[in-house]
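J.: Handing you this structure, nothing more for now.
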Amino acid sequence: MKIEKSKINYNIGKNTSKNIYKVIPVTKDNLPKELETKFSDQIRSGIFAGESGQSFIDESERIIYLGLGNSNKVSIRSVAQIFLSIGEKLRKWDSVGLEIKLTRFLTKTLSPSSLVYQIANSIDLGAFPINVLTKDFKEKKNKFGNVSFVLEDPNAEKSAKVGLDKSRAVSKYVNGARYIAHLPANHFTPEEFVSRSKEIAKEAGLKITVMDEPQLKKEKMGGILAVSQGSDKKPKMIVLEYNPPKAKSKKKLALIGKGLTFDSGGISIKPAQDMHEMKYDMCGAAAVIHAIGAIAELGISVPVIAAIGVAENMPDAAALKPGDVYTAHNGLTVEVQNTDAEGRLVLGDVLSYIGKKYKPDYMVDLATLTGAIIISLGHEAAGVMSNSDKLRGLLDEASASSDERTWNLPLWEEYGEDLKSDIADLRNIAGRPGGSLSAAKYLERFVDSGIDWAHIDIAGTAWRKKASGTQIGNGPSGYGVRLLVDLAEKLEKNRGV
C-alpha cells in the first residue's frame, strides 16, 4: 500500500510558470494602497475588508488577496487555517500554480520556518482528496501547478527553506494517516495495516516485526486476543524500529498506537447512530506508524520504536462477554465489565510488551480512547495524562511548535480506585465520572516503573467536521503526526534530556 507523495512542487523564489495566481495575504488594518485605489467600491461596501478568512480575486492581475484580520491577532494557526481553503481550491483547478507573497510584517512577526512549514502543510492537506473510492476520484485527471514562496525580506529565505523541506517530508505522512483512516473497515483490515506498515518500513528504511495470532498467543497477549475473539479478522501487533547511525540521544522514544480497524462495541454494542465513524478507531495507530516514517525521513537523530496493536471488535458467539476475565501480557487478570472499553485492553498488552522488551526511556501512546475526552475538551485539543513532568513539558513544547493542541489532565491515584474488581486484579471500567482519567489509570498499570510515559487521548481530534487552525475538517485530520515529529525534534535538541 504505497505512500502517496505530494503532487505539488514547492520552491522558494519567483514562480516562472505561466498559469499562476499571486497570493497576497493582507491585514484588515493595513490594506495595500493599490487594492484600496483600484477596488475602493468593493472595500467601501464590505465585499472585501481584509477580515480573517475573506478572499478577493483581481482577475485582471491574477491576484488573490487573503484577509488575515487585525494585524495584532495574526498567528501561524490563523494563517494556516486560511491556506487549507487554498489547497481545496487547487484540488478543483487544473494546472494552476501559486506565487505566495510573504511580507516583512509576516516574517518579522512569525517564524519564517514555522510559517512556511504550516502553510505548505495546509495546502497539501487541502489539496489531498479523501473521496478515493468514488467514480469522480477515479475519473478526475486534474494536475497541480507549482507553488512558490516569495519573501519580501531575503534574510528570511534560509529559515523559510528549512520549513519547506520539513513540510515535504511531514505532509505526505499526515495525508498518509488521513488516507488509511478514512478507508472503511472492509477496505482496511488488520492485514492491510500490515501492508501499510511494510510500505512505510520500505520507504523510510525501518526494521519491521509483525506478530500474527500464533505469536500473540505465545507472548501471552491476552488483551489483544480477547478483543478480537468475535471477529473473523485476525489480530496483529506491528513493531517498527528506527535506529539512526549516529544518534545524538541515547535515550529511546517508544510510540504506541491503538489500531481498532472497526469498533462495534462488541457485545456491549454501540448505538447505531454514527457507528460508521468507528472505522476511525485506528487513528492512533495510523498516526504512530506515519510519524516514525516522517521522523526517519527527516533524519532526526533519536532512536524510535513505533508499536501498534491491531484488531477488530465485533459481536459474535465467540466474542468477549461482559464479566469475562482474561490475563494480560504482564500477568494481571482483568475483568471486562464493558466490551466497548476495548482499546485499553489492546494498549495494555502493547505497553507491557514494549516496556519489557525494548526498555524505552520515554513512551507515548495515542488512542481514540474515550468519548469523555470530547465532553472535556471538544474537538480542539487532545488530553494528556502523564506520570512525568519532564515528558509533559516536552509534549507542551511539541504541541506549541506543531500547533497540534494538547491539554494536561491529572493522573491522581483517586481516579484509579474504582478500577478494583472483586474477582480479578482490576476491571476495565470505573464509571462515567472522569472516564478519560480512569482509563489512563488503567493503562498506567501496564507501564513498567522507570519509564516516563504519557497517554494522549485523541478521540476529539482524530476526525472532525470543520477545520480549526492546522487541523483540516470534514473527516480524519491526521492529528498526532506533527506532534510526534516535533517531540522527537525536542529530544534531539536536548540530547534526550
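In the working numbering, the protein residues as written are 1 to 497. Cβ atoms here follow ideal geometry from the backbone N, Cα and C, with glycine treated the same way.
#1: Determine the contact status of threonine 333 and valine 325, defining contact as a CB-CB distance below 9 Å.
#2: Between serine 95 and glycine 145, is the Cβ-Cβ spacing less than 9 Å?
#3: What is the DSSP secondary structure of histidine 455, counted as helix, strand or coil?
#4: By alpha-carbon positions, which one of Val170, Ala160 and Phe56 ends up nearest to arginine 104?
#5: Is the stretch 285-292 in contact with the stretch 194-202, if contact means three or more CB pairs nearer than 8 Å?
#6: How would you call aspartate 457, buried or exposed, if buried means at least 16 neighbouring beta carbons within 10 angstroms?
#7: Can you tell me which of Leu164, Thr189 and Ser17 puts its alpha carbon nearest to the alpha carbon of leucine 579?
#8: Mind checking which residues open and close the alpha helix (DSSP H) that includes valine 346?
#9: Can you tell me where the alpha helix (DSSP H) with proline 214 in it begins and where it stops?
#10: Between the C-alpha atoms of leucine 394 and serine 60, what's the straight-line distance to the nearest angstrom?
#11: At which residue ranges does the stretch 251-320 contain complete alpha helix (DSSP H) runs of 4 or more residues, listed in the order of the chain?
#12: Just the C-alpha distance for threonine 37 and glycine 284, rounded to the nearest angstrom, thanks.
#13: How about alanine 294 and serine 231: are their beta carbons less than 9 Å apart?
#14: Just the Cα atoms here: how many angstroms apart are threonine 16 and isoleucine 100?
#15: In this structure, does DSSP put phenylalanine 105 in helix, strand or coil?
#16: In terms of residues, what are the limits of the beta strand (DSSP E) holding leucine 164?
#17: Drop a sphere of 10 angstroms on the beta-carbon of threonine 339, count the other beta-carbons inside from all chains shown, and report buried for 16 or more, exposed for fewer.
#18: Using only CA atoms, which one of Gly67, Leu98 and Lys33 lies nearest to glycine 46?
#19: Output the boundary residues of the beta strand (DSSP E) element that contains leucine 66.
#20: Hey, which unbroken runs of the alpha helix (DSSP H) at 4 residues or more fall wholly within the stretch 187-212?
#21: Taking just the CA atoms, how far does alanine 181 sit from lysine 166?
#22: Could you tell me if glutamine 81 is buried or exposed, where buried requires 16 or more neighbouring beta carbons within 10 angstroms of its beta carbon?
#23: Grouping DSSP H, G and I as helix and E and B as strand, with all else coil, what is glycine 53?
#24: Please report how far the alpha carbon of asparagine 186 lies from the alpha carbon of phenylalanine 446, in whole angstroms.
#25: Glutamine 229 by DSSP, collapsed to three states: which one?
#26: Inspect the beta-carbon positions of alanine 467 and leucine 216 and report whether they are closer than 9 Å.
T.: Quick look at the numbers:
#1: Position 333 of the sequence shown, counted from the start, is the residue given in the question as residue 333. Position 325 of the sequence shown, counted from the start, is the residue given in the question as residue 325. Yes. Within cutoff.
#2: Taking the first residue of the sequence shown as position 1, residue 95 is located at position 95. Taking the first residue of the sequence shown as position 1, residue 145 is located at position 145. It is a contact, given that the beta carbons lie within the stated cut-off.
#3: Reading the sequence shown from its first residue, position 455 is the one you call residue 455. In the structure shown, histidine 455 sits in a strand (DSSP, three-state: E or B).
#4: In the sequence shown, counting from the first residue as 1, residue 104 sits at position 104. Measuring from the Cα of arginine 104, the nearest candidate turns out to be Ala160.
#5: yes
#6: In the sequence shown, the residue the question calls residue 457 occupies position 457. That one is buried.
#7: What is shown of the chain runs 1 to 497, which leaves residue 579 out entirely.
#8: As a first step, residue 346 must be located in the sequence shown, where it is residue number 346. Valine 346 -> alpha helix (DSSP H) spans 343-358.
#9: Indexing the sequence shown from 1 puts residue 214 at position 214. Unbroken alpha helix (DSSP H) run through proline 214: 213-218.
#10: By one-based count along the sequence shown, residue 394 stands at place 394. By one-based count along the sequence shown, residue 60 stands at place 60. Distance between the alpha carbons of leucine 394 and serine 60 is about 49 Å.
#11: 283-298
#12: Residue 37 sits at position 37 when you count from the first residue of the sequence shown. Residue 284 sits at position 284 when you count from the first residue of the sequence shown. Using only the alpha carbons, I get a separation of about 51 Å.
#13: Sequence index remark: in the sequence shown, residue 294 carries index 294 (1-based). Sequence index remark: in the sequence shown, residue 231 carries index 231 (1-based). Contact flag unset, no.
#14: Taking the first residue of the sequence shown as position 1, residue 16 is located at position 16. Taking the first residue of the sequence shown as position 1, residue 100 is located at position 100. Threonine 16 and isoleucine 100: Cα-Cα distance of roughly 13 Å.
#15: As a position in the sequence shown, residue 105 is number 105, starting the count at 1. Here phenylalanine 105 sits in helix by DSSP.
#16: Taking the sequence shown and counting its residues from 1, the one referred to as residue 164 is at position 164. Segment 157-182 is the alpha helix (DSSP H) holding leucine 164; no beta strand (DSSP E) there.
#17: On the sequence shown, position 339 is the one that residue 339 refers to. Looking at its Cβ environment, which holds 16 or more other Cβ atoms inside 10 Å, threonine 339 is buried.
#18: Walking along the sequence shown from the start, residue 46 turns up at place 46. Of Gly67, Leu98 and Lys33, the residue nearest in Cα terms is Gly67.
#19: What you label residue 66 is simply residue 66 of the sequence shown in a count that begins at 1. 63-67 is the extent of the beta strand (DSSP E) around leucine 66.
#20: 190-204
#21: Your numbering for residue 166 matches position 166 in the sequence shown. Your numbering for residue 181 matches position 181 in the sequence shown. Roughly 23 Å between the two C-alpha positions.
#22: Taking the sequence shown and counting its residues from 1, the one referred to as residue 81 is at position 81. Buried: at least 16 other Cβ atoms inside 10 Å.
#23: Counting from one through the sequence shown, the residue named residue 53 turns up at place 53. Here glycine 53 sits in coil by DSSP.
#24: For the purposes of this step, residue 186 is taken as residue 186 along the sequence shown, with counting starting at 1. For the purposes of this step, residue 446 is taken as residue 446 along the sequence shown, with counting starting at 1. Near 31 Å, if we compare the C-alpha coordinates of phenylalanine 446 and asparagine 186.
#25: Locating residue 229 in the sequence shown gives position 229, where the first residue counts as 1. DSSP places glutamine 229 in helix when its eight states are reduced to three.
#26: In the sequence shown, residue 467 corresponds to position 467, counting from 1. In the sequence shown, residue 216 corresponds to position 216, counting from 1. Not closer than 9 Å, so no.
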